[in-house]
Amino acid sequence: MVDTDGILILSDMAWFDDYSHQKYHCIHLTVTNANISSVDLFMLAASRLYHNGEFLIKLSSPLGYDNLKSMAINFDFELINTNQIISTQLVFRFCGRETKLGFQMAQSRNYSDHCLSLFADAFESSISDKFWHWKYPKDKAVNSVVALKNNKAVAHYGLCDRNALYNDRVFGFAQASDVMVAPGERGAISSSIFYELVQLGEKPFYAPDSNISVIYGFPHGRHYKLGARLKLYEPVSPIFEVVFDIPDGSKSEGLASTSIEVELVKLNVDSKAGIEHLWKSMTSSANVLLLERSYLYLLQRYAFHPEYKYSIYHFENCYFIIKISGDKIFLMDYLGLIESYAENLVLFISFLSKISLGRKLHLWCLEDISTLFIEPIQIMDTGAVFVCKKYSSDLPDLKQWWITMGDTEFL
Numbered sequence: 001m002v003d004t005d006g007i008l009i010l011s012d013m014a015w016f017d018d019y020s021h022q023k024y025h026c027i028h029l030t031v032t033n034a035n036i037s038s039v040d041l042f043m044l045a046a047s048r049l050y051h052n053g054e055f056l057i058k059l060s061s062p063l064g065y066d067n068l069k070s071m072a073i074n075f076d077f078e079l080i081n082t083n084q085i086i087s088t089q090l091v092f093r094f095c096g097r098e099t100k101l102g103f104q105m106a107q108s109r110n111y112s113d114h115c116l117s118l119f120a121d122a123f124e125s126s127i128s129d130k131f132w133h134w135k136y137p138k139d140k141a142v143n144s145v146v147a148l149k150n151n152k153a154v155a156h157y158g159l160c161d162r163n164a165l166y167n168d169r170v171f172g173f174a175q176a177s178d179v180m181v182a183p184g185e186r187g188a189i190s191s192s193i194f195y196e197l198v199q200l201g202e203k204p205f206y207a208p209d210s211n212i213s214v215i216y217g218f219p220h221g222r223h224y225k226l227g228a229r230l231k232l233y234e235p236v237s238p239i240f241e242v243v244f245d246i247p248d249g250s251k252s253e254g255l256a257s258t259s260i261e262v263e264l265v266k267l268n269v270d271s272k273a274g275i276e277h278l279w280k281s282m283t284s285s286a287n288v289l290l291l292e293r294s295y296l297y298l299l300q301r302y303a304f305h306p307e308y309k310y311s312i313y314h315f316e317n318c319y320f321i322i323k324i325s326g327d328k329i330f331l332m333d334y335l336g337l338i339e340s341y342a343e344n345l346v347l348f349i350s351f352l353s354k355i356s357l358g359r360k361l362h363l364w365c366l367e368d369i370s371t372l373f374i375e376p377i378q379i380m381d382t383g384a385v386f387v388c389k390k391y392s393s394d395l396p397d398l399k400q401w402w403i404t405m406g407d408t409e410f411l
């Protein structure tokens, strides 16, 4: 590694080290690792270079020229040795806006230990390594990004990928999660390092071949107001919490009298076919945006969770997934016809009255669903807002969204 007079010469072995103490007029990188991503190359380069700085990539690995050129455009680089396409050395000029001095931005998968430390500083609470990598798996591409200062993570913008369906069309979505800023870096708004991190991190989503069409999230209170002020997203609906009493089934005449057979099931080969059938029927609802609830998704979300335990109940034509916490039962998910949701919920509460007397059932929904329920004891605004940001011009007008507690990654 050579770092002198505004010139940085590196191999990819040292590419992820911290060089944020100064900006550079030229970066020369030798790439030998075929697994290094083009996003990793251009995001870090964009956060290290002066405007009009040059980025020379010497290829000793089979990184595709077309892929590099396409990603370079996303990060405001232009190829300047266009007459040397077949050359193993490519030269790009950075035409974008310089980022703040003293910071560098990168995909967070290379800095998971830094992110765990930032989580503790930002939230004054710890998260286990298993929980972190359940959200951001090591074995798949993750779009989360991190800002580093003095070899320490100071901001993080997490993204958990998830497919969505709307009128039989599949779209790539991602949930914004673990939005964190170190206490010492808070305060500024449009000039903040977090704002710069988001601006740089979302650049690949504008590409025509991006696998992300929409980012959604559940910001609360002042965090929502800050994001709205920065135009990071648009509001879709307040998130409402609906609460139901679970009465004594032996004494309450008002409970549904229909005899139903409810089965506690596990996610395995025996339940797979039934789940896939109900998921397919659920997607038949017209003009409703549904985040994926396939068998494989439910397996990862609930059966493979490293810390929380969930119970899955099946009866007749639907599944309910719950999480018990003290005297509360959280309704995490529902799989079945949306048109039958309220009716099936009455039957499920009737069943719960036999096994969970004294508890209350809590669920989340958006405003248009909150009016459908029969005799809840309380409907309250949680203070959180469901928001989204669209990146694809090919998206239809999303008229209605179906959201439950399980669509978060933190419950």
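Per UniProt numbering: the sequence shown = residues 1 to 411.
Heads up, the beta-carbon is just placed ideally off N, CA and C, and yes, glycines get one too.
Small disclaimer: the values here were computed from a predicted structure and weren't measured.
Apply the 10 Å Cβ neighbour rule to residue i and answer buried if 16 or more other Cβ atoms are within range, or exposed otherwise.
{"i": "G326", "result": "exposed"}
{"i": "K138", "result": "exposed"}
{"i": "A147", "result": "buried"}
{"i": "T404", "result": "buried"}
{"i": "M13", "result": "exposed"}
{"i": "G217", "result": "buried"}
{"i": "A45", "result": "buried"}
{"i": "V170", "result": "exposed"}
{"i": "D178", "result": "buried"}
{"i": "N344", "result": "buried"}
{"i": "S20", "result": "buried"}
{"i": "A34", "result": "exposed"}
{"i": "E54", "result": "buried"}
{"i": "G187", "result": "exposed"}
{"i": "L357", "result": "exposed"}
{"i": "A286", "result": "exposed"}
{"i": "I27", "result": "buried"}
{"i": "residue 413", "result": "Because the chain spans 1 through 411 in this model, residue 413 falls outside it and cannot be assessed."}
{"i": "F410", "result": "exposed"}
Which residue or residues does DSSP assign as beta-bridge partners of residue i?
{"i": "T30", "result": "S11, K58"}
{"i": "Y233", "result": "Paired residue(s): none; Y233 is not in a bridge."}
{"i": "D381", "result": "F240"}
{"i": "G362", "result": "Per the sequence shown, the amino acid found at residue 362 is His instead of Gly. The partner list for H362 (beta bridge, DSSP) reads V243, F330."}
{"i": "Y319", "result": "H314, L335"}
{"i": "K149", "result": "K152"}
{"i": "K389", "result": "I215"}
{"i": "E263", "result": "H314"}
{"i": "P105", "result": "Checking the sequence shown, residue 105 turns out to be Met, not Pro. Looking at the DSSP assignment, M105 forms a beta bridge with A147."}
Just to confirm, is the Cβ distance from residue i to residue j under 7 angstroms?
{"i": "A174", "j": "N74", "result": "no"}
{"i": "A132", "j": "L290", "result": "Here residue 132 is Trp; the residue named in the question, Ala, does not match the sequence. Their beta carbons are not under 7 angstroms apart, which means W132 does not touch L290 by this criterion."}
{"i": "C160", "j": "K135", "result": "yes"}
{"i": "D248", "j": "I377", "result": "no"}
{"i": "M180", "j": "A106", "result": "no"}
{"i": "A155", "j": "F119", "result": "no"}
{"i": "H223", "j": "G383", "result": "no"}
{"i": "Y302", "j": "Y310", "result": "yes"}
{"i": "I321", "j": "D333", "result": "yes"}
{"i": "V262", "j": "F373", "result": "no"}
{"i": "R293", "j": "L361", "result": "no"}
{"i": "Y65", "j": "L49", "result": "no"}
Considering just the uninterrupted stretch of the alpha helix (DSSP H) at residue i, what are its terminal residues?
{"i": "R222", "result": "221–229"}
{"i": "S350", "result": "341–352"}
{"i": "G274", "result": "269–282"}
{"i": "K130", "result": "129–135"}
{"i": "A45", "result": "38–46"}
Would you kindly work out how many angstroms separate the C-alpha atoms of residue i and residue j, rounded to a whole number?
{"i": "A256", "j": "D40", "result": "Here the model assigns A256 a pLDDT of 48, short of 50, so the residue's position is not dependable and the matter cannot be decided."}
{"i": "V142", "j": "N110", "result": "10 angstroms"}
{"i": "L56", "j": "F205", "result": "24 angstroms"}
{"i": "L200", "j": "K100", "result": "12 angstroms"}
{"i": "Y295", "j": "T371", "result": "29 angstroms"}
{"i": "I260", "j": "K328", "result": "23 angstroms"}
{"i": "residue 443", "j": "K231", "result": "Lying before the first or after the last residue shown, residue 443 is absent from the chain, which here runs from 1 to 411."}
{"i": "I215", "j": "W364", "result": "19 angstroms"}
{"i": "E339", "j": "A273", "result": "22 angstroms"}
{"i": "S237", "j": "Y341", "result": "19 angstroms"}
{"i": "L298", "j": "R229", "result": "35 angstroms"}
{"i": "V242", "j": "F77", "result": "50 angstroms"}
{"i": "P235", "j": "V385", "result": "7 angstroms"}
{"i": "A153", "j": "V269", "result": "42 angstroms"}
{"i": "K280", "j": "F304", "result": "23 angstroms"}
{"i": "G406", "j": "F103", "result": "35 angstroms"}
{"i": "I7", "j": "S112", "result": "29 angstroms"}
{"i": "Y391", "j": "D381", "result": "29 angstroms"}
{"i": "S126", "j": "S117", "result": "8 angstroms"}
{"i": "D121", "j": "G184", "result": "10 angstroms"}
{"i": "R395", "j": "I212", "result": "Before going further, note that residue 395 is Leu rather than Arg in the sequence given. Their backbone Cα atoms lie some 11 angstroms apart in a straight line."}
Following the continuous beta strand (DSSP E) through residue i, name the residue where it begins and the one where it ends.
{"i": "K100", "result": "Careful: K100 lies outside any beta strand (DSSP E) and carries neither H nor E."}
{"i": "Q175", "result": "169–181"}
{"i": "A155", "result": "152–166"}
{"i": "M332", "result": "328–335"}
{"i": "Q89", "result": "89–94"}
{"i": "E78", "result": "77–79"}
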